[in-house]
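As structure tokens, then:
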């Protein structure tokens, strides 16, 4: 199975098993629930650290190796991070195996694009 096919299958499986851990608010989504990223620590979703950031403020989306043992990147577990307003945040405590991280990255990019478009549309109405 190719990496692209594997990523696609894993995206469907994640969705069916309860999602990718990405939490948004609004319709269309305007806010994203995150926790501050800490070096050398896996994401944690404890209540005191959670906060909401505007999707339109996100400047970067990147998967980061959370557990990387060996040279085979297909066995690494990735976490999803975003950069906004000069800070880095973890998007979800879920770890994604290898190419499976591509599905939540694509979903997050689509959410950001929609939020930016909606914000621009609202500005034009003012």
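In full-length UniProt numbering, the protein residues as written are 1 to 126.
We treat Cβ as the ideally placed atom computed from N, Cα and C, and that holds for glycine.
Burial state of residue 125 (16 or more Cβ within 10 Å): exposed
Cβ-based neighbour list, residue 60, same chain, cut-off 6 Å, excluding 5 preceding and 5 following: 83
Residue burial classification, residue 74 (beta-carbon count within 10 angstroms, cutoff 16): With fewer than 16 Cβ atoms within 10 Å of its Cβ, residue 74 is classed as exposed.
Assigned secondary structure, residue 115 (DSSP; H/G/I helix, E/B strand, else coil): helix
The beta strand (DSSP E) enclosing residue 51, as first and last residue numbers: 51-54
Expected contact under 8 Å - CB spacing of residue 33 and residue 52 to nearest Å: 6 Å
Per DSSP, cross-strand counterpart(s) of residue 90: 35 and 81
Range covered by the beta strand (DSSP E) that runs through residue 26: Premise fails: residue 26 is in no beta strand (DSSP E) and is neither H nor E.
Backbone secondary structure at residue 66 - three-state DSSP: strand
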